[in-house]
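Peer 1:
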Amino acid sequence: MAENLSTIIGKDSAFTGDLEVKGTLRIDGRVKGRIICDETVSIGATGEVEAEIDAKLVIVSGTVVGNIRTSEKIEMQAKAKVLGDVSTKNIVIEQGAIFHGSCQMKGVKEGEIKADKMMEKKPTG
Numbered sequence: 136m137a138e139n140l141s142t143i144i145g146k147d148s149a150f151t152g153d154l155e156v157k158g159t160l161r162i163d164g165r166v167k168g169r170i171i172c173d174e175t176v177s178i179g180a181t182g183e184v185e186a187e188i189d190a191k192l193v194i195v196s197g198t199v200v201g202n203i204r205t206s207e208k209i210e211m212q213a214k215a216k217v218l219g220d221v222s223t224k225n226i227v228i229e230q231g232a233i234f235h236g237s238c239q240m241k242g243v244k245e246g247e248i249k250a251d252k253m254m255e256k257k258p259t260g
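When we follow the numbering used here, the leftmost residue of the sequence shown carries the number 136, and every step to the right adds one.
Structure (structure tokens):
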């Protein structure tokens with residue numbers, strides 16, 4: 136991550152409660168509760184999060200149990216485990232990541248999705 140970290144929860148640390156961060160947050164330890172961040176939340180490979188997360192960008196390499204809402208993007212890296220629903224504009228799920236939940240894409244209008252119309256094509260012949 137190229138940007139400067141505002142808050143770090145180290146691998147031997149644990150936090151329970153509501154966590155509101157201005158800037159970026161890196162979690163290598165354990166967090167339980169709710170996370171609100173105006174920039175990036177990065178959950179490292181040793182990070183274990185049981186929380187609702189609201190942020191601009193969420194990058195997961197560890198484990199998240201709870202719903203994630205972002206205004207920009209969610210990235211689930213190869214070793215990530217995410218158990219919960221996600222809501223975002225963009226999503227990246229690397230091969231090997233585990234995602235068990237539903238995904239709602241923001242900013243996509245139902246009329247823009249044309250898969251149903253493609254299925255209605257009549258065979259020629």
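We put the beta carbon where it would ideally sit given N, CA and C, even for glycine.
How far does the beta strand (DSSP E) with Asn225 in it reach, from first residue to last?
Peer 2: Its beta strand (DSSP E) spans residues Asn225 to Ile228.
Peer 1: Nearest-angstrom Cα distance between Thr181 and Lys157?
Peer 2: Thr181 and Lys157: Cα-Cα distance of roughly 23 Å.
Peer 1: How far does the beta strand (DSSP E) with Lys216 in it reach, from first residue to last?
Peer 2: Residues Lys216 to Leu218.
Peer 1: Since Gln239 and Ala213 are thought to touch, with beta carbons under 8 Å apart, how far apart are those beta carbons, to the nearest angstrom?
Peer 2: 24 Å between Cβ atoms; not a contact.
Peer 1: Quick check on DSSP: helix, strand or coil for Lys167?
Peer 2: It is a strand residue.
Peer 1: Note the first and the last residue of the continuous beta strand (DSSP E) segment covering Gln102.
Peer 2: This structure cannot speak to residue 102, because the chain is shown only from 136 to 260.
Peer 1: Taking 6 Å as the limit between beta carbons, can you name the residues of its chain near Leu218, skipping five residues before and five after?
Peer 2: If we look at Leu218 and ignore the five residues flanking it on each side, its Cβ neighbours are Val200 and His235.
Peer 1: Whole angstroms is fine: what's the gap from Glu185's alpha carbon to Gly197's?
Peer 2: Answer to the nearest angstrom: the Cα atoms are 11 Å apart.
Peer 1: Using the Cα positions of Asp153 and Gly168, report the straight-line distance between them to the nearest angstrom.
Peer 2: When rounded, the distance between both Cα atoms is 6 Å.
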